[in-house]
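Everything in the sequence shown is counted per our numbering, starting at 6 for the first residue and increasing by one.
For glycine and all other residues, C-beta sits at the position ideal for the given N, C-alpha and C.
Comments concern the structure below.
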Amino acid sequence: MPSDVVAVTDRAFARIAPKWWPGNSGAVLVIPRTHVENIYDLSPEDGFAVWDLTQRVAIGIRSSYGCEGTSIRQHNEPAGDQDVWHLHVHVFPRFPDDRLYQRHGDAEWVDPGRRETFASRLRAVLGMPFALD
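Put into structure tokens, the structure is as follows:
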């Protein structure tokens, strides 16, 4: 089991993102378990599962990270800044003046140990299964 997975349902899972932007540590990706390239191909059932888990993750981030808000985004096709060809939703912790959208090019890969720290905090709050079968 990857140490950064925080929640698993029948149709979706959430993991700590492997890349973070400065000031927004612990961002999460919510991902359908079935391969879907983008939102245009997402079934209603998988869409509900992804959105339901996204909401749970956002609530968990807000209560366990000490942030003052969250932002959610999802990209489709090259013109929409999609660069991974499997649908996923980003859930970012937000802080006053964090400049998340002005620092798009500043994302950095994060080592598994740092991701595990945030995963443990979020798992404790979510209380959901987190093993991928």
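What residues in its chain sit with their C-beta under 6 Å from that of residue i, if we drop five residues either side in the sequence?
i   : result
H80 : D86 and Q87
G74 : R99
G65 : L127, V130 and L131
List the residues that DSSP assigns as beta-bridge partners of residue i.
i    : result
L34  : R20 and H95
E113 : W25
R78  : H95
V10  : R20
Under 9 Å, do residue i and residue j count as touching if we go by C-beta distance?
i    : j   : result
W25  : A32 : yes
I77  : A63 : yes
V13  : L92 : no
A112 : T59 : no
Please list, in chain order, all residues of the same chain as residue i whose beta carbon is under 7 Å from its beta carbon, the five residues on each side excluded.
i    : result
I21  : D9, V11, G31, V33, R120, F123 and A124
D102 : none
Grouping DSSP H, G and I as helix and E and B as strand, with all else coil, what is residue i?
i    : result
T59  : helix
Y45  : helix
F135 : coil
Q107 : helix
R101 : Residue 101 is actually Pro in this sequence, not Arg. Looking at P101 - three-state DSSP - the assignment turns out to be coil, as it is neither helix nor strand.
E50  : helix
T39  : coil
E73  : coil
V130 : helix
What number of angstroms, rounded off, separates the C-alpha of residue i from the C-alpha of residue j?
i    : j    : result
R104 : C72  : 14 Å
V94  : G118 : 22 Å
N29  : F97  : 6 Å
P37  : E82  : 17 Å
P49  : G110 : 33 Å
Given residue i, which residues of its chain have a CB within under 8 Å of its CB, disregarding the five upstream and five downstream residues?
i   : result
M6  : With a pLDDT of 45 at M6, under the threshold of 50, the predicted position of this residue should be treated as unreliable, though the coordinate-derived value follows. The residues are F135, A136 and L137.
E42 : W90, H91 and L92
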